[in-house]
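Notes for the one structure printed next.
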Amino acid sequence: MCGICGFCDFTRDNAGPVWREAGERMGETLAHRGPDGKGLWQGADCVLVHRRLAVIDPERGQQPMARVRDGVEYVLIYNGELYEPLLPAVRTDGHIIERRQPSLPDDRELRKLGFSFETESDTEVLLNACIAWGDGAAQRLEGIFAFAFWDGGRRRLMCCRDRFGVKPFFYAWKDGALVFASELKALFQYPGLEPRLGRQGLCEVLGIGPARTAGAGVFEGVRELKGGCQLTAGPEGLQIRRYWALESRPHEDGYEETVEKVRHLLEGAIRRQLVSDVPLCTFLSGGLDSSIITAVAARAYQEQGREPLETYSFDYVGNRKHFKASAFQPDADAPWVKKAVRALGTRHRVLRCDIPSLLQLLPEAVEAKDLPGMADVDSSLLYFCRKVAERHTVALSGECADEVFGGYPWFERSELLEADTFPWCPDLEFRRAVVKPELWESLQVEDYVQARYQQSLAEMPALPGEALWERRRREVGWLSLNWFMSTLLDRKDRMSMAAGLEVRVPFCDHHLVEYVWNIPWAMKAMNGQRKQVLRDAAEGLLPEELLRRPKSPYPKTHDPLYEQLVRARLLTILDDRDAPIHSLVDEKALRAGLLSDAGDYGKPWFGQLMAGPQMLAYLIQINEWMSRYHL
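Take a look at the structure:
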């Protein structure tokens, strides 16, 4: 993966030194995303900047990559990976097996069109694909990506983002100029573009955060290109169009065929994402999702005669002593990791984060994300990714399986499933209690949250004639894919790329998601067991006990020391009369409530992990964010 940024203005000459310097300043803010190289292309209409994390063809895949064809110059900057496409499945002895292209997407078709290749890099494949097919290139791509393609003949910049927005792309329109970047921080290095916060941004942070409305950049005037969309900029202005969307249709396969197709699609997605010219590993928690990915990857390594696959699991110092089971987190990972490692034969390392580091890294997690995030869930991931990056450049992770297959409690628990709002945050009372009452009311936070919820449901592709209870589960699945999954993908990208680590997410493969989206709940949860269709698809890959393990989320610390540290840190902030958070929080209520109580403070206020200590840490992050951006 990499970092991209740049700007386009058709009313001036961008070839001067002042604009080169602006591009270089923007690029420097993304150095962590690309420690292996940097490049800048400057033309009369635009400046394109790239920071490179070399994964494929490290010697020859430098960017920006330019080619001249029929007298026209074309230039590409690109963040992502393209994978080899699957051909139609074939059966061998009654089983589906994958057939793979021997080269990258559309490589052979491009050669037939007269294109030649100077590298083994997927960047060159993408560049030639854009030259050949223009606006139609994106829908041919397999992978995760965000890119900007300059067509000198048409004086047009085409920007595109992968189907689920795995790779980021933010932009702003400033005085006739399109300014874009992989991360928000880079935008504000462009002359005259300043970070500002209005009602929408405050409602996002206080009412919806750490999630974020698709397309919202939180800062005023900043937008996010949505997944499955492409943007074109030319002398006539901006245009945005959608090139891909989920479709709802009747599921016509029986259960056995459904299981077979899920296995085929999932194995294909995992195997395609093992391509790398640098060291690759997997994250292994001992849960169903990461164990499936590791099992397929380990088998592929064995078939290729390679050294055993390397894997990592994550835990916290003191968790063995302090762990407490709950409905959301029924057991600890460590015993299951040992079982998985024994069964799969990987070379495994356990990484443990000490509790002070969780607090110390909260500001760095804000710097990585440019927004308040998932508190210690973010800071711990940043810690772990830095440790993994000491030995590996690429990792595969099990994110997205619960959104795709319906693994969360809100797909079953009636009080969450039937909540007429976002099911991972059914009650805003905990948020309201820490915000100044007059501010909460003036912002109309609850109205804003409900409007975003209703807007999202209105965008869902409905299936006519679907039973009401089935439609509700489809709605919850839609919300999970478009909100909760996006939050986890944002978190994974920013924390991993801040460490110079590329993390791939096979469960987010669009072929798999398109198919599973239409599997009815009775099949997804066959015999009343969440994700049963996935468990059956993994039969033979894992020992039975791993296949049947109940869901357990990303681990968090259970050590009361963390709560003590965040409470002390927030009290120090509140004692500073110049701390910007004073403009938002009800200090009296906060000191009398969260800051005086002990314990986990009841049910989570976001997802499954974020309860009282995480609210304290979230407020610390908000203060850090406001200070960093002078809000």
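Note that the numbering used here has the sequence shown beginning at 687, numbered continuously upward. Cβ coordinates follow ideal geometry from the N, Cα and C atoms, glycine included.
query: Distance CB(M674)-CB(Q875) smaller than 8 angstroms; result: It is not possible to answer for residue 674, since the shown part of the chain is limited to 687 through 1317.
query: Per-residue burial, L734 [other beta carbons within 10 Å of its own, 16 or more giving buried]; result: buried
query: First through last residue of the beta strand (DSSP E) which encompasses T997; result: E996 to Y1002
query: For A1081 and P896, the rounded distance between their alpha carbons; result: 24 angstroms
query: Coarse secondary structure for Y857, derived from DSSP in three states; result: strand
query: Cβ-based neighbour list, S789, same chain, cut-off 8 angstroms, excluding 5 preceding and 5 following; result: With a pLDDT of only 47 at S789, under the threshold of 50, the placement of this residue in the model should not be trusted, and no figure is reported.
query: Beta-carbon contacts of Q925 that lie in its chain and below 6 angstroms, excluding the five residues immediately before and after; result: T918
query: The region 999-1008 touching the region 1111-1130, judged by at least three CB pairs closer than 8 angstroms; result: no
query: W675 burial status per 10 Å Cβ neighbour count (16 or more: buried); result: In the structure as shown, the chain begins at 687 and stops at 1317. Residue 675 is therefore absent and cannot be evaluated.
query: Beta-carbon contacts of V741 that lie in its chain and below 8 angstroms, excluding the five residues immediately before and after; result: M687, E767, S962, D963, V964, T1079, V1080 and E1188
query: Nearest neighbour of N871, chosen from L716, A902, A834 and S802 [CA to CA]; result: Correcting the residue type first, residue 871 is Lys in the shown sequence and not Asn. Among L716, A902, A834 and S802, the Cα nearest to that of K871 belongs to L716.
query: Pick from V1162, I1259 and R1138 that is closest to A1148, judged by C-alpha positions; result: V1162
query: 6 angstroms CB neighbourhood of P750 in its chain, flanking five on each side removed; result: G725, W727, L734, H736, V761 and I763
query: Sub-8 angstroms separation of V1074 and C967 beta-carbons; result: yes
query: Backbone CA spacing between L1251 and P1299 [nearest angstrom]; result: 9 angstroms
query: Where E1104 sits in the DSSP three-state scheme; result: coil
query: H1316, buried or exposed, once every other Cβ within 10 Å from all chains shown has been counted against 16; result: exposed
query: Residue-level contact to chain B via CB, R746, 8 angstroms cutoff; result: Looking at the structure shown, chain B is missing, and only one protein chain is on hand.
query: Q1136, DSSP secondary structure in three states; result: helix
query: T1258, buried or exposed, once every other Cβ within 10 Å from all chains shown has been counted against 16; result: exposed
query: Nearest-angstrom Cα separation, counted from R698 out to A708; result: 15 angstroms
query: Secondary structure of Y941, DSSP reduced to three states; result: helix
query: Beta carbon of G913 nearer than 8 angstroms to that of F850; result: yes
query: Coil, strand or helix - L762 by DSSP; result: strand
query: Cβ-based burial, V1090 [other Cβ within 10 Å; buried from 16]; result: buried
query: 8 angstroms Cβ cutoff met for Y1201 and L799; result: no
query: Start and end residues, alpha helix (DSSP H) containing P745; result: According to the sequence displayed, residue 745 carries Glu and not Pro. Neither: E745 is in no alpha helix (DSSP H) and is coded neither H nor E.
query: Residue from M1209, P1229, D1179 and R992 with nearest C-alpha to D939; result: M1209
query: Beta-bridge pairing of L1276 - partner residues as DSSP gives them; result: According to DSSP, L1276 bridges with nothing at all.
query: I1259 Cβ short of 7 angstroms to the ligand FMN heavy atom set; result: Within the structure as shown, the ligand FMN is missing, as the structure has no ligands at all.
query: With 16 other Cβ atoms within 10 Å as the buried cut-off, status of E1076; result: exposed
query: Residue range of the beta strand (DSSP E) that includes F866; result: A863 to A867
query: Inter-stretch contact (C-beta, 8 angstroms, three-pair minimum) for the region 1208-1225 and the region 970-987; result: yes
query: Cβ-Cβ distance between L873 and L864 below 8 angstroms; result: no
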